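Undergrad: My numbering puts the last residue of the sequence shown at 557; the count rises by one with no breaks. Note that beta-carbon positions come from the ideal geometry of N, C-alpha and C, so glycine has one too. As the structure is a prediction and not an experimental result, all values here were calculated from the model.
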Amino acid sequence: MTQHAAPTPESVAVPADQLDYLRERGIGALATTMGVEFTEFTAERAVAVMPVEGNTQPIMLMHGGAYVVLGETLGSMHANLVAPEGHVAVGLDINATHTGSARTGKVTGVCTPIKLGRSVAVHEIVITNDQGQRCSTVRITNFYKRISG
409 MTQHAAPTPE SVAVPADQLD YLRERGIGAL ATTMGVEFTE FTAERAVAVM
459 PVEGNTQPIM LMHGGAYVVL GETLGSMHAN LVAPEGHVAV GLDINATHTG
509 SARTGKVTGV CTPIKLGRSV AVHEIVITND QGQRCSTVRI TNFYKRISG
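1. DSSP puts Cys519 in a beta bridge; with which residues?
2. Whether or not the stretch 493-512 and the stretch 455-470 are in contact is what I'm after, with contact meaning three or more pairs of Cβ atoms, one per stretch, closer than 8 angstroms; do they touch?
3. Say whether chain D places a C-beta atom closer than 9 angstroms to the C-beta of Asn488.
4. Nearest-angstrom Cα distance between Asn456 and Ser556?
5. With DSSP run on the structure shown, which of helix, strand or coil describes Ser419?
6. Have a look at Ala491, Val546, Arg431 and flag the residue whose alpha-carbon is nearest the alpha-carbon of His506.
7. Answer with buried or exposed for Met468, where buried requires no fewer than 16 other C-beta atoms within 10 angstroms of its C-beta.
8. Ala439 to Leu478, Cα distance in whole Å?
9. Short of 6 angstroms in beta carbon distance, which residues of its chain neighbour Thr516, apart from the five on each side in sequence? Order them along the chain.
10. Tell me whether His495 sits in a helix, a strand or coil according to DSSP, three-state version.
11. Here's the rule I'm using: 16 or more other beta-carbon atoms within 10 Å means buried, otherwise exposed. How should Asn550 be labelled?
12. Using only the alpha-carbon positions, how far apart do Arg542 and Ala437 sit?
13. Which first and last residues belong to the alpha helix (DSSP H) in which Glu445 is found?
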């Protein structure tokens, strides 16, 4: 098995205009349908917003699964940004703790790496409402899989 160095924010070759890179690459059909929009995408963190409208449960609160979609989109995209050369990040585990709610406006997710290892990346995504109150905390672990071919 070939060893590869663990990525660090300083060692990652990030495209000059990261948001244009994301727009060109795409963020996936589900995230697009749910209105996820990236506002920051760097080696240090990723930030995106998502509208509450259209992503609610029957009692008009943001659906818990919508928080998870936002968290997984942020964590997976960032893990792929910092993936070792010749590898792709694939989801291994995700969990969310909902501690607040949003009824209107947008929610904002801020994704930061907890651990960028040789074989896994762990990210925490803090999701807040328009008032800055924490609504959900998502943790995602991605495995770096070698691209065959």
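TA: Based on what the coordinates show:
1. If you number the sequence shown from 1, residue 519 lands on position 111. Cys519 pairs with Ala454, Ile533.
2. yes
3. The question asks about chain D, but that chain is absent: this structure has only one protein chain.
4. Mapped onto the sequence shown, residue 456 falls at position 48. Mapped onto the sequence shown, residue 556 falls at position 148. Note that residue 456 corresponds to Ala in the displayed sequence, not to Asn. Taking the straight line from one Cα to the other gives about 31 angstroms.
5. Taking the first residue of the sequence shown as 1, we reach residue 419 at position 11. With a pLDDT of 48 at Ser419, under the threshold of 50, the modelled position of this residue cannot be trusted, and the question is left open.
6. Taking the sequence shown and counting its residues from 1, the one referred to as residue 506 is at position 98. His506 has its Cα closest to that of Val546, out of Ala491, Val546, Arg431.
7. Reading the sequence shown from its first residue, position 60 is the one you call residue 468. Exposed is the call here.
8. Sequence index remark: in the sequence shown, residue 439 carries index 31 (1-based). Sequence index remark: in the sequence shown, residue 478 carries index 70 (1-based). Approximately 7 angstroms between the Cα atoms of the pair.
9. By one-based count along the sequence shown, residue 516 stands at place 108. So the qualifying residues of the chain are Val457, Thr536.
10. The sequence position of residue 495 within the sequence shown is 87, counting from 1. Correct three-state label for His495: strand.
11. Counting from one through the sequence shown, the residue named residue 550 turns up at place 142. Buried: at least 16 other Cβ atoms inside 10 Å.
12. Residue numbering aside, residue 542 sits at position 134 when the sequence shown is read from its first letter. Residue numbering aside, residue 437 sits at position 29 when the sequence shown is read from its first letter. Near 26 angstroms, if we compare the C-alpha coordinates of Ala437 and Arg542.
13. Counting from 1 along the sequence shown, the entry for residue 445 is found at position 37. Per DSSP, Glu445 belongs to no alpha helix (DSSP H); it is in the beta strand (DSSP E), 445-449.
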